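Here is the structure we will look at.
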Amino acid sequence: MAIDLEKILRPIDSPIPEFPPKLMTLAGGEEMVIRQVGREEIPDLLPHVAPLMHVERDFYNIVASRVYAELLGFYTHRVQDEYVLVAQIDGELAAIVNGRRVSAEVGMSYHTLALRRGLRVGAHAFAAKMEYHIDILKQKEVLIVAESPIGFRRWMIEYKLEKRFDIPHELGGVPSWALTSELYDKARSSLVVGRRPVPEHLLAKAKAGITAPSDPPTPPIDLLAATRSLGDSTATALIEQRNKLGGS
Amino acid sequence: MEMNIYAYKCKKCGHVQYPYRTICRNCHKNEHNEFDIVPLPKSGKLLTYTNLYTLPPDFEVVTLGLGIVELEDGNKITGQLNIDKPKIGMKVKGKVEVVRRDEYNEYMGMIFYPA
Amino acid sequence: MREVYVAGIGITSFTRLEYPLIEIAAYPALMALRDSSLDKIDHLYVANMGAGRLNHQTGLASAVVDNLSLTPAGADGIENGPASGASAIKQGFLAVASGMHDVVMVIGAEKMREVNNLEATEFVATLTHPLAEYIYGVTLPSLAGMFTRLYMEKYGVTSRHLAMVAVKNHANAMLNPFAHLHEPITIEGILDSPEAATNNPFVADPLRFFDCCPVSDGAACLILTSAEVARKCGRPMVRLAGVGQATDTHAVHDRKDPTELLAVREAARQSFAMAKLKPTDVNVAELHDAFTILEIAESEEVGFFPKGQGHIALEKGLTKLGGQLPINTSGGLKAKGHPVGATGVGQAHEIVQQLRGEADKRQVKNAKIGFTCNFGGFGNNVVCLTFVREN
């Protein structure tokens with residue numbers, strides 16, 4: 339009986355081509371690999387997403403909470419045709435992007451979660467997601483929304499997205515924006531980068547295990563931290579410490 | 506009617522300055538309003554230029570060409586460029602057109618084209 | 006004139022700070038008071054450029070002096086564009102040198118991350134000439150872009166030289182716990198890799214993203230005192246020996262040769278003359294590298310290197326940590342960050358740390374003479390300071 343019910347609850351995923359892994363050099367000279375992960379790797383991602391649910395800055399809390407739910411939904415077969423791509427630097431988790439195939443022609447972009455800030459890590463991961471929809475899945479357009487002002491500026495302005503306000507987006511039912519294949523072609527040369535194939539050893543390193551981000555976003559400091567200086571998580575606390583210890 | 510950008514010619518020493526200053530930069534003797542208003546020439550050569558990609562929010566273009574032009578009379582002016590492949594030293598010719606719009610206003614300024 | 010000493014210093018991280026501007030300004034003051042063991046001041050100067058526009062806060066000096074419970078000391082706000090910080094130090098210098106006050110606190114504070122990058126750039130663009138520049142869409146990056154193109158044409162500076170400035174200053178910032186950017190970049194990553202054009206896109210060509218400073222929050226504080234008070238404070242004696250300031254045309258196109266930064270040249274000349282020193286005496290300098298090209302150009306105009314030779318000195322590594330004249334050991338505006346009104350005070354903070362021998366891993370050995378150049382507008386209002394370590 340329970341098995342039968344599960345059959346009803348579990349959607350049947352459409353067969354879709356995989357995202358071929360790619361490699362890019364970041365401004366710091368580090369090599370970043372972007373690749374698709376299957377259900378079996380989701381438990382390795384969740385522990386790195388969970389702490390961000392409590393980072394109440396730049397909308398990390400809402401984005402991380404939703405990503406967590408989407409990853410769990412994917413893992414337990416509760417979302418149809420979802421995919422997850424990860425960006426890794428030397429094995430370390432740098433970004434997670436996900437989305438869904440709505441139909442042969444339309445894709446639904448879910449989230450872009452950067453666990454390493456700066457150096458365009460999030461932008462590269464987002465571009466890979468668009469590449470997957472338009473180039474690999476051959477879809478005509480991808481529906482997008484932004485939850486944070488950073489996201490809005492990045493996606494809506496850099497890619498000059500079109501309005502699809504008549505279509506509610508799956509994230510919150512808000513009006514959608516669309517990246518059409520024509521807009522993608524215009525952005526391709528300047529925003530979409532990466533090399534294939536990824537050298538064997540780098541891909542092996544990435545697949546060997548998703549390691550924790552070394553410098554993930556942290557909760558904002560207490561508003562009164564300036565006057566209660568030890569609560570200041572910025573480097574000012576270092577001098578404070580030095581003063582306390584009576585050093586120079 | 507052809508529009509112009511105006512410069513200010515000192516009635517005492519004849520120096521032409523752009524933009525406006527209350528006291529003449531050359532003779533320092535002049536006082537307010539003792540200037541003749543003279544149109545700046547429109548032809549000149551491009552001294553330097555840039556394509557700006559991070560634009561103020563009220564511009565609805567991807568990139569904006571900006572340059573400094575040395576005009577025929579030796580005065581220099583900053584203006585927008587409507588030139589595909591600008592080159593330092595090239596001859597340019599300006600037109601006074603709308604260079605910026607905000608909610609209620611239009612601002613006129615010099616836009617340079619290849620001569 | 007009396008001699009003027011730096012008796013105490015303090016600084017916040019230059020980054021995004023999530024507490025109110027008044028507290029951002031107060032925190033380094035707290036540290037400077039502790040550093041100098043003083044608990045009273047005669048006068049406060051607060052340098053800030055955007056509080057009225059960005060933070061809905063005017064009269065910042067009055068707010069800060071009260072927050073620090075330093076009333077009834079006098080307090081003035083100083084707004085002089087991105088040179089506000091050094092301008093405020095100059096006012097503090099005059100107040101002590103004249104004998105009017107014995108203890109003057111100078112704070113530079115700015116909170117720019119309240120708005121997004123485009124709005125911050127637009128705010129700074131209000132520095133430009135309203136009719137001859139601003140209406141065309143001219144911003145500081147575009148002025149810097151035009152300046153760079155001409156400089157390249159005239160002196161053979163290349164994008165690689167600019168990238169070398171960025172890489173050097175990012176590396177220095179790695180050693181500075183207060184710096185905004187802790188991102189070790191490489192020439193490979195920002196210039197040579199196939200992804201470089203996307204990682205490091207044009208902002209105002211030939212200037213790219215990594216040629217421009219970040220938008221930062223932050224504050225720094227200096228306490229300036231007479232010699233008598235400074236000796237009682239017991240900190241290493243660092244004297245503010247030279248102060249120079251000069252201006253240039255408001256509109257950049259109005260200059261005879263737009264590649265010459267005459268205000269920098271004149272301000273530096275005055276500063277060295279007052280200190281009775283030469284540019285070659287300097288051991289460590291902080292130059293206003295809001296754009297990488299400016300570090301090269303200013304290193305020439307202040308007299309460290311002949312005109313057109315700054316990029317050669319850079320190539321030879323003379324300006325690196327460990328070189329003959331390390332420049333921007335703090336990371337500079339490029340990587341330490343550029344909270345506009347605070348920058349001039351932040352530069353002085355770095356130099357005082359260096360001269361005291363308290364700069365940790367980025368310490369320049371035996372640094373006795375330090376120099377700062379704080380550059381307002383696009384070179385239309387420049388303040389240069391010379392500091393000397395005594396005893």
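Residue numbers (this note's numbering), protein chains in the order written: chain D, 339 to 586; chain Y, 506 to 620; chain V, 6 to 396. Just so it is clear, CB atoms sit at the ideal spot from N, CA and C, and this is done for glycine as well. Fair warning: this is a prediction, and the values are worked out from it, not measured in the lab.
- Rounded to the nearest whole angstrom, the CA to CA distance from Thr153/V to Met494/D is 31 Å.
- Here Tyr525/Y is not bridged, per DSSP, to any residue.
- A direct Cα-to-Cα measurement between Leu319/V and Thr230/V gives close to 36 Å.
- Listed by position along chain V, the residues whose Cβ is nearer than 7 Å to that of Lys581/Y are His258 and Asp259.
- Contact annotation: in the stretch 470-493 of chain D, residues whose CB is within less than 9 Å of a CB in chain V are Pro487, Ile488 and Arg491.
- Counting along the chain, the unbroken beta strand (DSSP E) around Gly614/Y starts and ends at Glu611 to Pro619.
- Collapsing the DSSP output to three states places Glu23/V in coil.
- With distances taken between CA atoms, Val603/Y lies nearest to Glu611/Y out of Val597/Y, Glu611/Y and Glu539/Y.
- Around the Cβ of His258/V, a 10 Å sphere holds 16 or more other Cβ atoms; the residue is buried.
- The three-state secondary structure of Ala465/D, taken from DSSP, is helix.
- If only uninterrupted beta strand (DSSP E) runs of at least 3 residues are considered, those enclosed by the stretch 228-265 of chain V are 243-252.
- Taking 7 Å as the CB threshold, Tyr50/V stays off the interface with chain Y.
- Against chain Y, the beta carbon of Ser147/V has neighbours under 7 Å at Thr555, Leu557 and Leu571, listed in chain order.
- In summary, Gln358/V is buried, with 16 or more beta-carbon neighbours lying within 10 Å of its beta-carbon over all protein chains present.
- Residues of chain D with a Cβ closer than 7 Å to the Cβ of Pro189/V are, in chain order, Gly366.
- Inter-residue distance for Gly97/V and Pro219/V is about 28 Å (C-alpha atoms, whole angstroms).
- Per DSSP, reduced to three states, the secondary structure at Arg605/Y is strand.
- Per DSSP, the unbroken alpha helix (DSSP H) holding His386/D starts and ends at Ile380 to Val387.
- The bridge partners DSSP lists for Pro544/Y are Tyr511/Y.
- For Gly456/D, a Cβ of chain V is located within less than 7 Å of the residue's own Cβ.
- Beyond the five residues adjoining it in sequence on each side, Ala268/V comes within less than 6 Å, by CB distance, of Ala251, Thr252, Asp253, Gly384 and Val387 in the same chain, given in chain order.
- Residue state for Asn288/V is assigned as coil, using DSSP reduced to three classes.
- Secondary-structure assignment with DSSP links Thr377/V through a beta bridge to Glu291/V and Leu390/V.
- Counting every other CB atom within 10 Å of its CB across the protein chains shown gives Gly437/D a total of 16 or more, marking it as buried.
- In this structure, the beta-carbon distance from Val531/D to Met370/D does not fall below 7 Å.
- 7 Å or more divides the Cβ of Gln477/D from the Cβ of Glu500/D.
- It is roughly 7 Å from the alpha-carbon of Asn72/V to the alpha-carbon of Ala31/V.
- With a threshold of 16 other beta carbon atoms within 10 Å, Arg377/D falls short and is exposed.
- In the pairwise beta carbon analysis, the stretch 550-558 of chain Y is classified as not touching the stretch 516-534 of chain Y: fewer than three pairs are separated by under 8 Å.
- DSSP places Glu355/V within a helical segment (H, G or I) once states are collapsed to three.
- Judged by pairs of C-beta atoms under 8 Å, the stretch 367-385 of chain V touches the stretch 88-104 of chain V, as three or more such pairs exist.
- Under the DSSP assignment, Ala516/D falls in the beta strand (DSSP E) whose first and last residues are Pro513 to Thr518.
- Rounded to the nearest whole angstrom, the C-alpha separation of Asp342/D and Thr556/D is 44 Å.
- For Leu65/V, there is no enclosing beta strand (DSSP E); the residue is found in the alpha helix (DSSP H) stretching over Leu65 to Asn72.
- Any Cβ of chain V closer than 7 Å to the Cβ of Gly614/Y would place that residue at the interface, and such an atom is present.
- Excluding residues up to 5 positions away in sequence, Glu485 lie with their Cβ nearer than 7 Å to the Cβ of Ile400/D in the same chain.
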